[in-house]
Structure formats: C-alpha cells, structure tokens
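> The following block contains the structure, expressed as structure tokens.
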C-alpha cells in the first residue's frame, strides 16, 4: 500500500460509490460498473490537478482507468 | 454482404440470450383508443381483455380527448397529412410556427423550435449549442435520450450524484475554466417520480455562470400551479436557459417534442441541430391536436387539478394498503418490490385482476430496485383507482408483502 493508492481509492469511493460496495486496489472500476465511462472525466481532472500532470486523452482509456492500481501505474508514467 | 445462415444464427443467439435473461420486451396490442379503460390482446392471439391502464404517460387524459381528436381531424382536412420535406426546404406550415409561439408563451420562454420527438430534441440540442471548449455536467439519473445527445456532442462531459447539490457545486468549481458550463437535468425523473431541485440549481448556475438545461417531458402540462412544469413549481420561470419537452405525454400523447428557451440557443438549433435539419417535423394533424391541447390547458387548470387529487388519493391508498412507494408528489408512483421476478409476477397477477401495470427491473433501474411503475391520469375516475387498489391489495396479500419492510421483502425474495 502506498499513499497514491490510498488517495485515489478514497477519491473513487467519495466520488462514485453510493452504497456499501467494498473497494480494493484491483476492483474493476469501469468494467465492474462502479465508475461509468461518462464520469471518468472528473477522475482524470482530479489526477491532473493533484499530481500536476497532463494525461493525454488517448491514454485516458476505460482500460487504463479500470482499477486503482492501473490508475497509479498510469499516473506514475507522467509524474516527473 | 449476404444475410447468411451464420449471420442469422448470430442474431438468433443474441435474441435468445435476451429471452433467457428475462430482458426480452414483448408488445401488448391495444385494440381501443388510449384511455383509462382499454382492450388488450396479450399474449398475441389471446382474446381481448378489458383492463384499467395505470402505466401510460397520458397524465392529463388528452390522448383521446374529443376536442383534440376533432382538432386533429380539422388539421388533417385543412393542412393535409404530411409535408414530404424537412422544415427549411418546404416543410414549414403556418401552424408549425403557431405551435412554436404557443409553446413559448405556455412555458414562459423566449422562443421554441419543434422536433419530431423529444428524443430528437435531446439528441440534437447539445451538439448545436456547445463545442469542445465547453463542459456538460449532468445528473447521474437523466433520461437515456439525454445521454445519447451528450454522446453526440464534442463538449467534455461530467456527472453529479443524483440531486446532490453539494456535488454539483464541486463539479462547477472543478470545471470553472471551461468556456461554457451546462448543467443538465430531468425536471421529473421518470423512474422514481422525484423532481429536480431547480431553485437550488438556478442559484448555483447563477453563482458559477452556467447554463441550465431541463427536460420537462414528465412535467409539462401538470406540474406547477398552472401546469407549466417544474420551473413553475420551483418559482424559476424565465430562468431556465433550455427546456426540452414532449407532446407525447401530458400534452396530447401523440408525438413530437421541442427545444424552448433563450432566443439565440433556439436559433442555433434551427441552424445546426441535425434531427431538425434532416428529418420531417411533426405532421399537420398532430400539430393541430397539440394546439388544441394548449388552448384547453391555458383556459383552465381543471385537468391538472384533477390529476393532483387523483395522485393524492392513489399515493395515500397504496401507503395505507401497506405497500412501499417512492415518496413524492408527482403522478409517477413506483411500487417498490426490489426483486425482478417478484415485479414480473405481481405485474402478471395484476393483469389477471384487470389492471395493466408493468414491472421495471435491471438494467432499466438499478439492481435490487425492481418495481411496478404506476402512472396516474386525469382520465382516471376514483372508481378506476379503487379497483386498482383492490387488485394491489389482493396480489400484495398473495405474495405477503403488505406491511412488510424493504428488508423483509428482500429476505424473502432476494434482490
């Protein structure tokens, strides 16, 4: 567990989870119906603001956003 | 490509999958006019059955109103059957503009443009008025037609939790750098029957300089003291930038829809909205019918007042019977059953008792929120509602759900 995983997981819970669904770092977010692809934009903007990065639109795919761990991997590609 | 046996087999498999999953939709043939009392053939080939309809969007009972039918006949005689053209070539008659002006006056807006349906209005409006420099922020429970319209638009899209004004404000702050922000909501949400908090939304839109879009399809004609819609109910008439609505529900029930709102935004639709540019508009007899509907509703609030009384009676009756309904004051009254099979069984048994009401379950509503959606009409008389309540009591007793909590129903039938 690292800080980035925890920050992103907490954001996802606050932003998208409206019941008692439990979330792990590997829970399928988009394919599991927790985050709808329409709502991904706020997650992308949150990550860009939080880590002061710019994620190209073609990299912000439903596959790349499908779990906390995958998002962390994506963010790390752009953090200097 | 030829339609090969393999291709046929592929589609047959998909359709069988829908049947196996209980998601296959079957039409029921109604042999009478749309009304409180209808004659239904179901399943196909079965003898006709007289039932009370409590699942139509015929909120004001205008679908077969004699004056509306007469006006449509006269419109057919005076203006013909169809236009054989889109609006801007040679498909606009005087009555189309008359109807646009009447809707503008009825809704208290600046201008109106007709669309073949509200589905088309919602599909065309966002693309016509927004660009990639803008953002659309929609309630997470907006109607499917709005979602399709959003998909067709190049603007960024984000959502806020259903009716959560704090979350909406966070989103308005998050996207404050955009050229235009457009907040998007239904006026009345069709599955739950609750209303958008338009007074709060107007405040937020004014604070953050955002446009406000409301689809009032399940409101126009009966929500608000004179039936103008949710913007009347919340005291914000003149403050909604874009209203879309349908003539396929309370306002006559035939077909057609419109975008009504700020003059320039309506004009943008006239210049750019693809369903307006590339499809014939509403047929002349229907236009004549809707004009009559608006005349009737502008002259008297009797029908919406009767609907309000019927709705109160119905909500009270269901609650007293021990059924769980979604709270609210609109004529959309969902009876919560939580389990999909239970919803289908109750619907079938109600039909056997002479009551036509449909079960809704996932994916139309979230998992575990299956229900019978009932919709009350000014066309109902108290004896219709009493008979329907009696059927609900009888069927509810059979399944032992009367007076039971959500937890008890779920424990017995599952989610």
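Residue numbers (the working numbering), protein chains in the order written: chain E, 1 to 80; chain G, 1 to 415.
The C-beta atom is built at its ideal place from N, Cα and C for all residues, glycine as well.
Could you check whether residue 230/G and residue 216/G sit closer than 8 Å to each other, using their CB atoms as the reference points?
Cβ atoms of residue 216/G and residue 230/G: closer than 8 Å.
> Taking residue 407/G as part of the alpha helix (DSSP H), name the residues at either end of that continuous run.
Note, residue 407/G: alpha helix (DSSP H), 406-413.
> Would you call the CB atoms of residue 311/G and residue 331/G closer than 8 Å?
In contact: residue 311/G and residue 331/G (Cβ atoms closer than 8 Å).
> DSSP on residue 49/G, reduced to helix/strand/coil?
Strand, per DSSP.
> Hey, quick one: how far does the beta strand (DSSP E) through residue 246/G stretch, first residue to last?
First-last of the beta strand (DSSP E) with residue 246/G: 242-246.
> For residue 323/G, which option in 144/G, 390/G, 121/G and 288/G has the closest C-alpha, if you only look at C-alpha atoms?
The shortest Cα separation from residue 323/G among 144/G, 390/G, 121/G and 288/G belongs to 390/G.
> Rounded to whole angstroms, what's the CA-CA distance from residue 343/G to residue 247/G? Just pull it up for me.
Using only the alpha carbons, I get a separation of about 29 Å.
> Quick check on DSSP: helix, strand or coil for residue 211/G?
Strand at residue 211/G.
> Which first and last residues belong to the alpha helix (DSSP H) in which residue 348/G is found?
Segment 340-352, the alpha helix (DSSP H) holding residue 348/G.
> Taking 8 Å as the threshold (beta carbon to beta carbon), is residue 35/E in contact with chain G?
So, not an interface residue.
> Who are the near neighbours of residue 39/E in its chain, counting only those whose CB is closer than 7 Å to its CB and skipping five residues on each side?
Only 16 meet the Cβ criterion.
> Measure from the C-beta of residue 159/G to each C-beta in chain E and report whether the shortest distance is under 8 Å.
Yes, residue 159/G counts as interfacial toward chain E.
> Once DSSP output is grouped into helix, strand and coil, what is the label at residue 116/G?
In this structure, residue 116/G counts as coil in the three-state DSSP scheme.
> Please confirm if residue 94/E has its CB atom under 8 Å from at least one CB of chain G.
For residue 94/E there is no data in the structure shown, the boundaries of chain E being 1 and 80.
> May I ask you to list the residues that DSSP assigns as paired with residue 375/G?
According to DSSP, which records beta bridges pairwise, residue 375/G is partnered with 332/G.
> Cβ of residue 31/E less than 8 Å from any chain G Cβ?
It does not: the Cβ of residue 31/E has no partner Cβ on chain G nearer than 8 Å.
> One question on the structure: do residue 61/G and residue 378/G come within less than 8 Å of each other, judged by their Cβ atoms?
Taking 8 Å as the Cβ cut-off, residue 61/G and residue 378/G qualify as a contacting pair.
> Give me whichever residues DSSP pairs with residue 41/G in a beta bridge.
Answer by DSSP bridge pairing, in chain order: 29/G.
> Is the segment 170-185 of chain G touching the segment 199-207 of chain G in the sense that three or more CB pairs, one from each, lie closer than 8 Å?
These segments touch.
> Rounded to a whole number of angstroms, what is the C-alpha to C-alpha distance between residue 314/G and residue 382/G?
C-alpha separation (whole angstroms): 9 Å.
> State the start and end residues of the unbroken beta strand (DSSP E) segment that holds residue 139/G.
Element bounds for residue 139/G: 135-139.
> Could you check whether the Cβ of residue 22/E sits closer than 8 Å to any Cβ belonging to chain G?
Answer no: the Cβ-Cβ gap between residue 22/E and chain G never drops below 8 Å.
> Cβ-heavy atom distance between residue 18/G and the ligand PLP below 7 Å?
Ligands in the displayed structure: none, and consequently the ligand PLP is not present.
> Does the distance from the C-beta atom of residue 257/G to that of residue 128/G stay below 8 Å?
Against a cut-off of 8 Å, the Cβ pair of residue 128/G and residue 257/G comes out as no contact.
> Tell me the start and end of each unbroken beta strand (DSSP E) in the segment 179-235 of chain G that is at least 3 residues and wholly inside, in chain order.
Taking only runs of at least 3 residues, the beta strand (DSSP E) segments lying wholly in the segment 179-235 of chain G are 181-186 and 211-215.
> Three or more C-beta pairs under 8 Å: does that hold for the segment 222-237 of chain G against the segment 272-285 of chain G?
Touching, no.
> Just the C-alpha distance for residue 190/G and residue 80/E, rounded to the nearest angstrom, thanks.
Each residue's alpha carbon lies about 48 Å from the other.
> When DSSP labels each residue in this structure, what does residue 73/E get in the three-state scheme?
Residue state, collapsed to three classes: helix.
> If the cut is a Cβ gap below 8 Å, which residues of chain E does residue 171/G touch?
Residues of chain E passing the Cβ test: 42.
> Residues in the same chain with beta-carbon distance under 8 Å from residue 32/G, minus the five sequence neighbours each way, listed in chain order, please.
Around residue 32/G: 38 and 39.
> Can you say whether residue 29/G is buried or exposed, counting buried as having 16 or more other CB atoms within 10 angstroms of its CB?
When all chains shown are included, residue 29/G counts as exposed.
> What residues in the segment 42-68 of chain E bring their beta carbon closer than 7 Å to a beta carbon of chain G?
Against chain G - using a Cβ distance shorter than 7 Å - the residues of the segment 42-68 of chain E are 42 and 45.
> Using the rule of at least 16 other Cβ atoms within 10 Å of the residue's Cβ for burial, across every protein chain shown, is residue 116/G buried or exposed?
Residue 116/G comes out buried.
> Report yes if the C-beta distance between residue 124/G and residue 289/G is below 8 Å; otherwise report no.
Going by C-beta atoms, residue 124/G is not nearer than 8 Å to residue 289/G.
> Name, in chain order, the residues that DSSP records as bridge partners for residue 280/G.
In DSSP, residue 280/G forms a bridge with 86/G.
> May I ask you to list, following chain order, the residues of the segment 171-188 of chain G that have a beta carbon less than 8 Å from some beta carbon of chain E?
Those residues of the segment 171-188 of chain G that come within reach of chain E (Cβ to Cβ, closer than 8 Å) are 171, 174 and 175.
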